[in-house]
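Quick note on my numbering: the sequence shown kicks off at 20 and runs consecutively. Working notes, beginning with the structure itself.
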Amino acid sequence: MTERWYVLGAGAIGSLFAAFMQRGGIEVVLLDHRDGSTNSRSIDIDGLEPCGRFTYPVSTVGAPEKIDYLLVTTKAYTVLSALASVSHRLRDTTKVVLMVNGMGLDAAIQKAHPGLSLTLATTTEGAYRRADGSVCHAGSGRTLMGEAGGKASPPPWFDLFSRSVPDCHWEHDMAVSLWRKLAINAAINPLTAVLGCTNGELAGEPADRVRALCAEITTVAEAAGMARAVEDLESTVFEVIRGTADNRSSMLQDVEAGRPTEIEYITGWLVEQANKLGVDATNNTRLLEAVRTHAR
Ligand code: KPL
Numbered sequence: 020m021t022e023r024w025y026v027l028g029a030g031a032i033g034s035l036f037a038a039f040m041q042r043g044g045i046e047v048v049l050l051d052h053r054d055g056s057t058n059s060r061s062i063d064i065d066g067l068e069p070c071g072r073f074t075y076p077v078s079t080v081g082a083p084e085k086i087d088y089l090l091v092t093t094k095a096y097t098v099l100s101a102l103a104s105v106s107h108r109l110r111d112t113t114k115v116v117l118m119v120n121g122m123g124l125d126a127a128i129q130k131a132h133p134g135l136s137l138t139l140a141t142t143t144e145g146a147y148r149r150a151d152g153s154v155c156h157a158g159s160g161r162t163l164m165g166e167a168g169g170k171a172s173p174p175p176w177f178d179l180f181s182r183s184v185p186d187c188h189w190e191h192d193m194a195v196s197l198w199r200k201l202a203i204n205a206a207i208n209p210l211t212a213v214l215g216c217t218n219g220e221l222a223g224e225p226a227d228r229v230r231a232l233c234a235e236i237t238t239v240a241e242a243a244g245m246a247r248a249v250e251d252l253e254s255t256v257f258e259v260i261r262g263t264a265d266n267r268s269s270m271l272q273d274v275e276a277g278r279p280t281e282i283e284y285i286t287g288w289l290v291e292q293a294n295k296l297g298v299d300a301t302n303n304t305r306l307l308e309a310v311r312t313h314a315r
């Protein structure tokens, strides 16, 4: 018998991972905030083999059934309230995988739900949701997962999970991986949001701005003792830009949909570190202000 995974936050990335998991033979249930008027939901995904419609049972967050495996793919700013909405369904033994952009949430979760078994995950898969609700898998990436602060070896569930999700690996030093992902997001997402362009378009005229951001992010990371996270940052960022060229970054999607953005958890967090460390982050600070103004 396989584990039943609940997905909290079926946006573009959550829907993509739900599809990977179901395709790989994992039982997937979507969690929904609306009352139980629907008991299943279909999501069309293209750019995935096989393309097509994935249908899942839906469970309302307020339902009583306990959750043993939970994948959280909400926006960073809703993680705590989303988890609170299912807290009555969590056991001491529930395995929670947190796959969100930005930094600082794991400590807040551990504080709100002490004892929860938390795995942190980060992905460079590119996906966006169209106006008709379908999801486009716009670029392949790598997914890394690991324990919050430890060096633990992969848990039993990771075997099927990693066979279902392409290029998915267990990572022993998630702090470095999360910093690297933050650095990549800080170099790509805010600029695409302000310029209104695809990731791929950053390789054209805005490329110098990307390089300047990479240089500044590298200095901040080095000052924070995270030099390993930003080795060759510039070439990694341009690789992600090429690999997800057709994708509209999650921040651009948020701006276009009139939703709040994750800027405070990405560039906001980075600028805060830079200020604490006394490191110059002029370009990132300007971009932070620009997104705050733009997204208003
Ligand atoms: O993580 C992303 C995002 O959009 O949030 C990237 C990797 C930049 C893909 O668009």
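Glycine included, every Cβ here is placed at the ideal spot set by N, Cα and C.
Is it the case that the CB of residue i approaches a heavy atom of the ligand KPL more closely than 7 angstroms?
| i | result |
| --- | --- |
| Thr255 | no |
| Ser269 | yes |
| Val259 | yes |
| Gly160 | yes |
| Asn58 | no |
| Thr263 | yes |
| Thr138 | no |
| Ile86 | no |
| Asn218 | yes |
| Gly396 | With the chain represented from 20 up to 315, any question about residue 396 goes unanswered, as that position is not in the structure. |
| Ile45 | no |
| Gly66 | no |
| Ile282 | no |
| Thr79 | no |
| Ile207 | yes |
| Ile203 | yes |
| Asn303 | no |
Rounded to a whole number of angstroms, what is the C-alpha to C-alpha distance between residue i and residue j?
| i | j | result |
| --- | --- | --- |
| Gly297 | Ser172 | 37 angstroms |
| Gly244 | His188 | 24 angstroms |
| Val47 | Ala29 | 11 angstroms |
| Glu283 | Asn303 | 12 angstroms |
| Ala222 | Ser268 | 14 angstroms |
| Leu179 | Val26 | 16 angstroms |
| Thr286 | Leu307 | 6 angstroms |
| Arg23 | Pro175 | 14 angstroms |
| Arg14 | Gly66 | The displayed coordinates of the chain run from 20 to 315. Any statement about residue 14 would go beyond what the structure contains. |
| Pro225 | Leu135 | 43 angstroms |
| Arg53 | Ser104 | 12 angstroms |
| Leu317 | Gly152 | As displayed, the chain neither begins before 20 nor continues past 315, which places residue 317 out of reach and without an answer. |
| Gly44 | Thr92 | 20 angstroms |
| Tyr75 | Ile32 | 16 angstroms |
For residue i, count neighbouring Cβ atoms within 10 angstroms of its own Cβ and tell me buried if that reaches 16, exposed if not.
| i | result |
| --- | --- |
| Thr57 | exposed |
| Ala95 | buried |
| Asn208 | buried |
| Ala246 | exposed |
| Ser34 | buried |
| Thr112 | exposed |
| Ser78 | buried |
| Arg199 | buried |
| Asn294 | exposed |
| Lys114 | buried |
| Asp186 | exposed |
Among the residues of its own chain, which have a CB less than 7 angstroms from the CB of residue i, if the five just before and after it don't count?
| i | result |
| --- | --- |
| Ala127 | Leu99 |
| Thr280 | Ala212, Met270, Asp273, Val274, Val310, Ala314 |
| Leu197 | Met122, Leu139, Thr141 |
| Glu253 | Arg230, Cys233 |
| Ala202 | Ile236, Ala240, Ala248, Val249, Leu252 |
| Tyr85 | Before going on, a small fix: residue 85 reads as Lys here, not Tyr. So the list reads Arg108, Arg110, once near-sequence residues are dropped. |
Going by beta carbon distance, what residues of the same chain come within less than 8 angstroms of residue i, once the five residues before and after it are set aside?
| i | result |
| --- | --- |
| Glu394 | Residue 394 lies beyond the stretch modelled for the chain, which goes from 20 to 315, so this question has no answer here. |
| Leu124 | Ala95, Val98, Leu99, Leu117, Tyr284 |
| Ala206 | Val229, Leu232, Cys233, Ile236, Leu252, Val256 |
| Val195 | Met245, Arg247, Ala248 |
Excluding five sequence neighbours on each side, which residues of the same chain lie with their C-beta closer than 6 angstroms to the C-beta of residue i?
| i | result |
| --- | --- |
| Phe39 | Ser183, Val184 |
| Cys216 | none |
| Gly160 | Thr142, Thr143, Glu144 |
| Gly262 | Gly158 |
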